[in-house]
Amino acid sequence: MSCITKIRQNYEYFTQTEKKIADYIIENSKNVINISTQELAELTKTSPASIVRFSRSLGFDGFGELKIELVKSLQSFNDEEIDTILKHDDTVEEMVQKIEGRVQNTLEDTVKLINFKSLEEALNSIKKAETIYLLGVGASALVAMDLQQKLLRINRRCVFNLDSNLGLATSVHITEKDVVIAISYGGRTKEVNLAVKKARDNGAKCIAITKWGKTPLSALSHISIFLPNNEGELRIGAINSRFAQLLITDIIYLGIAKENFELTEHHLRETKKIVQPLKE
Numbered sequence: 001m002s003c004i005t006k007i008r009q010n011y012e013y014f015t016q017t018e019k020k021i022a023d024y025i026i027e028n029s030k031n032v033i034n035i036s037t038q039e040l041a042e043l044t045k046t047s048p049a050s051i052v053r054f055s056r057s058l059g060f061d062g063f064g065e066l067k068i069e070l071v072k073s074l075q076s077f078n079d080e081e082i083d084t085i086l087k088h089d090d091t092v093e094e095m096v097q098k099i100e101g102r103v104q105n106t107l108e109d110t111v112k113l114i115n116f117k118s119l120e121e122a123l124n125s126i127k128k129a130e131t132i133y134l135l136g137v138g139a140s141a142l143v144a145m146d147l148q149q150k151l152l153r154i155n156r157r158c159v160f161n162l163d164s165n166l167g168l169a170t171s172v173h174i175t176e177k178d179v180v181i182a183i184s185y186g187g188r189t190k191e192v193n194l195a196v197k198k199a200r201d202n203g204a205k206c207i208a209i210t211k212w213g214k215t216p217l218s219a220l221s222h223i224s225i226f227l228p229n230n231e232g233e234l235r236i237g238a239i240n241s242r243f244a245q246l247l248i249t250d251i252i253y254l255g256i257a258k259e260n261f262e263l264t265e266h267h268l269r270e271t272k273k274i275v276q277p278l279k280e
C-alpha cells in the first residue's frame, strides 16, 4: 500500500496533531520530500517528536523512511500537472493493460477510503429524504444521470438537470425535507457549489462525492464521501474519477434498494413491464 493511501486510510483515527501533519503532507507532497523533520514541525506548528510519532504510527522507522515511500507514492499516483496515462507509441495491448491497471487500482483505493460511519449517515439521510437532488457537471453529470435512472426505477423521487444553470435555479426549491448529492471530482465547480450552499441554507442535508482532501465542496457539505486524488490537473479524460464516482453511486443505490427488497423487486418488475413492448 502506498504512503499516500495509508495516510488517507488511517486519517479518521489520527489525533488533531496528526491530522495537521497528514493534511500538510497530502497537500504539499512534492515539497515534503525535500524538507527536514524540524522544518515540517515548524510548517505544521507541531514538534519534531510529533513528526516522528506520526511516521511510526504508519509503520515507518522515522520521517526519513516516510519520505522515501512518499516519493514512490508520487510516482505511483502520477501526481503531475499533466495526466500521462498514454504515450503516442503505446500499442493497443499496452493501452488496454494501462487502463485496466488504472481502473483496478482506483476501485481498490476508493474502497480503502470509505468511512463507513459517514457512508451510513449518508444512506440514512437519503432514505428519509422526500426528494433527492443530484448535482454534477461534465463527466460528473453522466454519473448523476446514471444514479437518477436507477433511483427512479425503484420509485424514489429524484431531480437532476443536465443544464447546470437550471440545476442551480432549482436549488431555491430545496427544503429541509430533501437531500442533495453533489458529485464533483475537483470540488470546485461553481454551479454545483452555489447550489449546495443554497440547499444548505434552506436546511437540506448535503452530501459530497469529491476527491480526498479539503475542497470547496467538502467544506460546504455535511457529509463527504471521498475519491482517490489520483488524476492530474490536465486530464486526457475523466477515467479514474468516473469509475470511482460510479462505484460510490452504485453503493448508494444498492444501500437504498436493499432497505425494502420486496418493494424494490416490485418496482423493478413494473418498470420493466411498461417498457417491454418497446423492445418487441
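Note that the UniProt record's numbering has the sequence shown beginning at 1, numbered continuously upward.
All residues carry an ideal CB built from backbone N, CA and C; glycine is no exception.
Measuring alpha carbon to alpha carbon, tell me which of the options ends up nearest residue i.
| i | options | result |
| --- | --- | --- |
| Gln16 | Ile256, Phe54, Ala257 and Glu262 | Phe54 |
| residue 354 | Lys273, Glu108, Ala195 and Lys45 | What the structure shows of the chain is the stretch from 1 to 280, and residue 354 is not part of that stretch, so it cannot be assessed. |
| Glu259 | Leu66, Lys128, Ser29 and Lys117 | Lys128 |
| residue 292 | Tyr133, Ile26 and Ser125 | This structure leaves residue 292 out entirely; the chain is present only between 1 and 280. |
| Lys30 | Glu65, Leu74, Ala41 and Asn165 | Leu74 |
| Thr131 | Asp201, Leu40, Val179 and Lys150 | Val179 |
| Gln104 | Lys117, Glu69, Tyr253 and Leu247 | Leu247 |
| Lys214 | Lys87, Asn202, Lys205 and Leu227 | Leu227 |
| Ser57 | Ile99, His88, Lys72 and Ile7 | Ile7 |
| Ser125 | Asn230, His222 and Val275 | His222 |
| Glu65 | Ala204, Ser2, Val137 and Gly203 | Ser2 |
DSSP three-state label for residue i, please.
| i | result |
| --- | --- |
| Ile51 | helix |
| Ala182 | strand |
| Thr210 | strand |
| Lys45 | coil |
| Ile225 | strand |
| Val137 | coil |
| Lys177 | coil |
| Lys150 | helix |
| Lys205 | strand |
| Gly187 | coil |
| Phe116 | helix |
| Ile4 | helix |
| Asp163 | coil |
| Asn240 | helix |
| Asn260 | helix |
| Lys20 | helix |
| Leu234 | Confidence in Leu234 is poor, its pLDDT being 43 and thus under 50, which makes the residue's placement unreliable; the coordinate value appears in the next sentence. In the structure shown, Leu234 sits in a strand (DSSP, three-state: E or B). |
| His88 | coil |
Just checking my contact of residue i with residue j at CB under 8 Å: how many whole Å lie between their CB atoms?
| i | j | result |
| --- | --- | --- |
| Ala182 | Val196 | 5 Å |
| Ile26 | Ile51 | So it is not a contact: roughly 15 Å between Cβ atoms. |
| Leu168 | Glu191 | 5 Å |
| Val143 | Thr249 | 6 Å |
Identify every residue that forms a DSSP beta bridge with residue i.
| i | result |
| --- | --- |
| Tyr253 | BP columns for Tyr253 are empty, so no partner. |
| Ile35 | For Ile35, which the question treats as bridged, DSSP gives no partner whatsoever. |
| Cys158 | Ile132 |
Sufficient close CB pairs (3 or more, under 8 Å) joining the region 17-24 to the region 39-49: As far as the Cβ criterion goes, the region 17-24 touches the region 39-49, which means the pair count is three or higher.
Segment contact, 8 Å Cβ cut-off, at least three pairs: the region 156-164 with the region 94-112: As far as the Cβ criterion goes, the region 156-164 does not touch the region 94-112, which means the pair count is below three.
Touch test, the region 187-195 against the region 208-228, Cβ-Cβ under 8 Å, three pairs minimum: As far as the Cβ criterion goes, the region 187-195 touches the region 208-228, which means the pair count is three or higher.
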